[in-house]
Structures are given as C-alpha cells and as structure tokens.
Amino acid sequence: MKGALFALSAGAAAGLLALMGIVTTPLLPVAAIVGVGVFVLGVVRPAWAVYLAILLIPLETASASFTGFGLTPTELVLVTAAAGWLTRRLLKGGGSVSSSLTLPLFAVLLAHVPGLFLAVDRFVVIKELFMWSACFVLFLAMLADQDRHTTERLAGVIAASAAAVAVIAVAKTAGSQQVALQAGGIVTNRATGSFASPVLLAAFLVITLPVQLVFIAIGRSTAVRMAGLAATCLSLLALTLALTRTAYLSLAILAVWLMVAWKPARRLALVAIVLFSAGLLTGFNPAGSVFNPGLLVQRISSIGSTESDSASLRLQTWKAAPKMIEDNLPFGVGAKNFPRHAPDYGLVFDVGVPSNAHNTPLVIASEFGVPGLIAVAWLVIAICRALTRSLRLTGEPEHSLAVALTGVFLALAVDAMTDYEYGDNAFFLTLILLAALVARLERVATVTEPAPQPVVPAGRKLALA
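Just add 41 to the spot in the sequence shown (first one is 1) and you have this note's numbering.
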C-alpha cells in the first residue's frame, strides 16, 4: 500500500512538473527539482548549501531563462537554502546566532519597512527585502555552524568562485578591441564577466582578492598556495579588462594596508615589483594578447578628470541627491526607488535615468532615510570593533584572515564614495558572508581574550577561594 501511494505521488509530481514545463519554460521543472534538492541540503548540511550558492555566482548571467521568474541560479539556491536552514532550526535548534553584527544587520532589514508603505514602486522594495532577508538567514546559518573548519572552507569557496568569475571575464573579453575615448574617461568593450556591468565585476573581484591572497601565504599545502596564486593572477587580469577606476583606487588602499599590517604581503609585493620592473625594462608582456598596458595607464591617469561624460553625470547626480533626501525625510523614497524620483530633480540624461546616486551614503540616505543611516553606521562600527579584536587577539591562520577582511572593508569604503553595488543580490550575498567570517573570527578572539583580573585594593591580599 505504501509503495502504491509513493508511486502515485511520484507520478503526480512528475506530471505536474511536466505541465509546468509546457505552460512556462522547459527549464522550470529542472529548477523546481534543484530547489527541492537544495532545500533538503539546507536542512541536512546548511553550510554546503551556502557553498553551493557562492559557487553558482559565475552563472549570474543566467536569470529569467533559468526559472521563468527572473531568478538567477544563485538567487534560487540562496532562497531555498535559507528556507531549509529555517526548517532545520525550528525542528532541531542549533548553535548560537548571536554576534555583534547580528542586530545591526537586522536593523538594516528593518530600514526597508517604511518603503513598503511610502515607495512609489513597492514591488522592488518587497523583492529586495525578501532577498536580503534570505541572505541574512544564511549569515545566521554560518554563525550557528559549530564546525571549526567552516571559516576556512567558506573563505576558500569565496576565493574559488571569484577565480571562476575572473576566468569568464577574461574569456569573454580577451582579444576584443578596447578603445579609450575622452582622454580615458570612457572605454569601450570593458569586461563584465558574470555581472551586468564592469563596475559590479570590479567591485566583486576587489572584495574577494584579499581572501585569495591569504591562501597564497598560509595555504595548508603547496597545491593550495599555487591555487591561491592562480586565482589572484586571474582576478588581477580580469580587473585590467574591467578598467574601473574606483577599483584601482580601492586596490591601492588595499595594497598599502596589507604591506603595513601583514608581513607575507611585503614579500609578495617585493616579488611583484621585481617582475613589473623587469617587464618595463625588457618590454616583456606575457598577457600581450589579452590587455593593452597603455590603455590601462590612460584609464588610471583619467581618475582625477571631470571632463568625461560619466564624470559629469555623476557630479550632477551628487548635486541633486541631497535635495531628494531633504524632500523625503525621515524615511526616504524606498529601496531601489531612486530612479522613480530622479526625473523630478532633472536627472534625465541621454543614456537614461541613473539607477542610484552613485555614492553609498547618498543612496542610503535617499532610499532608507534616517533609519537606514543609523543602521548602517551601527553596522560599520560593529565591523570595525570586531576586526580590531580579531587583529589583536587571534593567532594564525585567523589573524591573516582578519588582516585580509580588514582590507576588504577598507576597499569597500573607498568604493562607497563613487558607487553602490548592494542592489545586486550575488554581490550582497558575498558581502554578508564576508561579514559572517568577521563574526566567526570575533568569536575566536573572544575565546582567546584573557579574563579581566580583579582589582585588589592597596594593602590587601586577595583571598584564595
């Protein structure tokens, strides 16, 4: 009887999936099966479901054609993995999810709530709140995981995913004709890789590059160190094809930090300087068929220029954004609603309406208002305190990872001055999992922190228990 019921249920499910494929898209049944599998994985092995979501980021360009609902593979996996972990949590409980970052991140989610009532386009607010909440659940899943190897594995998966993204960027762009216009202010055929824009690609590679460097210096084996070196070289090569000026500024700050705070980085920098100098003297360019060094120099030299069209559009957006903020105090216009209000402030250009204010503080203030600014400021302070404790109190390999993560958030601070990438769910997932690494390192620092010694008044002896 049970066998008959199982066969009947399986047949009904298969028929339903086939019908769904006929009505919508043939890939929808596949997506449904994948979703069920990831849900089960999220219940049984939550960390591995998170790893899968990260490893699927190179497939970001596959979206609506994959599910029929506009979800990318990464988004499908992160949502179902979050549902799986919540189910596991309700049924079995688990480790602690408390950290100094948990409440600030939750406050960032709460900053979306006014937009549910005030935004012109409420659907995009609901969608971002839903996706960010799923990412937050995966952050909690990483905190609750008690396997001491999870920190290293998560860092390794992030580094590997970034390497795959870099390979795709190089493969898609290498050999194409890149031409600089307006004294380097605009370049054609810039690499986008797995993302929608070169800016997103560059920001993703910059925040994952320090994690790759860690495996070069303190990898457990020669194979791991060589893999880290290959991943780093691929990421740097892809960055030369993305030609994003803010990314180069972020890299400069990152390099200075690593050389000051991390001894292995000084050796790596010395080797890089020797190789670069030898290349300049001999004219040897091993990647000559991939990128043009002269174009890279021209692009970097245009960083301070305000004469290009892109710089002009940014300046106009920055001037108009404060007025939008003032007119929509205290709660802002709602997540991703900046473009709906931009025409009211004269922000209509030949290339269209800007998608955001191209400055993270301005985007937070205009879309999330005062609650958003308070939540983000709280989160920044919490991250700074957690990293400071990790740098001061952890040993290896946690200390090296803490140095790298500090570099990640320094680079993000530079990037925040001219860009805002957090509307992309794959980028936000990567960032929140990097924050999970920070929280896990802080726990290690808390365990190793010496207990405070009792103060004994002068002239008295401490009684023995």
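Where is the CB? At the ideal position from N, CA and C, for every residue including glycine.
Inter-residue Cα distance where the pair is residue i and residue j
{"i": "GLY4", "j": "LEU295", "result": "Within the shown structure, residues of the chain are numbered from 42 to 506, placing residue 4 beyond reach of any answer."}
{"i": "THR435", "j": "ALA486", "result": "5 Å"}
{"i": "MET458", "j": "ILE424", "result": "19 Å"}
{"i": "VAL81", "j": "SER353", "result": "50 Å"}
{"i": "VAL77", "j": "ARG129", "result": "14 Å"}
{"i": "TRP419", "j": "ALA148", "result": "9 Å"}
{"i": "GLY216", "j": "LYS377", "result": "36 Å"}
{"i": "ALA310", "j": "SER235", "result": "29 Å"}
{"i": "LEU127", "j": "LYS133", "result": "10 Å"}
{"i": "VAL389", "j": "LEU275", "result": "38 Å"}
{"i": "VAL230", "j": "THR214", "result": "As written in the sequence, residue 230 is Asn, which differs from the Val given in the question. The alpha-carbon atoms of ASN230 and THR214 are separated by roughly 7 Å."}
{"i": "THR401", "j": "VAL165", "result": "18 Å"}
{"i": "ALA268", "j": "PRO438", "result": "17 Å"}
{"i": "ALA507", "j": "TYR461", "result": "Past the boundaries of the shown model lies residue 507; the chain is included only from 42 to 506, so the question cannot be answered."}
{"i": "LEU170", "j": "ALA480", "result": "22 Å"}
{"i": "ILE95", "j": "ALA88", "result": "11 Å"}
{"i": "TYR92", "j": "VAL252", "result": "15 Å"}
{"i": "SER202", "j": "LEU290", "result": "23 Å"}
{"i": "VAL240", "j": "LEU280", "result": "10 Å"}
{"i": "VAL208", "j": "ASN466", "result": "21 Å"}
{"i": "THR273", "j": "VAL198", "result": "14 Å"}
Per-residue DSSP class, three states only, for residue i
{"i": "PHE177", "result": "helix"}
{"i": "LEU278", "result": "helix"}
{"i": "VAL161", "result": "coil"}
{"i": "ASP385", "result": "helix"}
{"i": "LEU142", "result": "coil"}
{"i": "MET183", "result": "helix"}
{"i": "ASP368", "result": "helix"}
{"i": "ALA124", "result": "helix"}
{"i": "ASN400", "result": "coil"}
{"i": "VAL488", "result": "helix"}
{"i": "ALA152", "result": "coil"}
{"i": "GLY76", "result": "helix"}
{"i": "TRP359", "result": "helix"}
{"i": "SER353", "result": "helix"}
{"i": "PRO87", "result": "helix"}
Beta bridge counterpart(s) of residue i as assigned by DSSP
{"i": "PHE390", "result": "GLY393"}
8 Å contact criterion, which residue i and residue j should meet: CB distance rounded
{"i": "ALA175", "j": "VAL120", "result": "5 Å"}
{"i": "GLY373", "j": "SER407", "result": "6 Å"}
{"i": "ILE473", "j": "PHE177", "result": "7 Å"}
{"i": "TRP173", "j": "LEU157", "result": "With a Cβ gap of about 13 Å, TRP173 and LEU157 do not count as contacting."}
Chain B contact for residue i (CB, 8 Å cutoff)
{"i": "THR447", "result": "Reference to chain B is not applicable here, since this structure consists of a single protein chain."}
Next item on the list: Let me know the alpha helix (DSSP H) ranges lying completely inside the stretch 220 to 294, each 4 residues or longer, listed in chain order.
Entry: 239 to 259, 263 to 283
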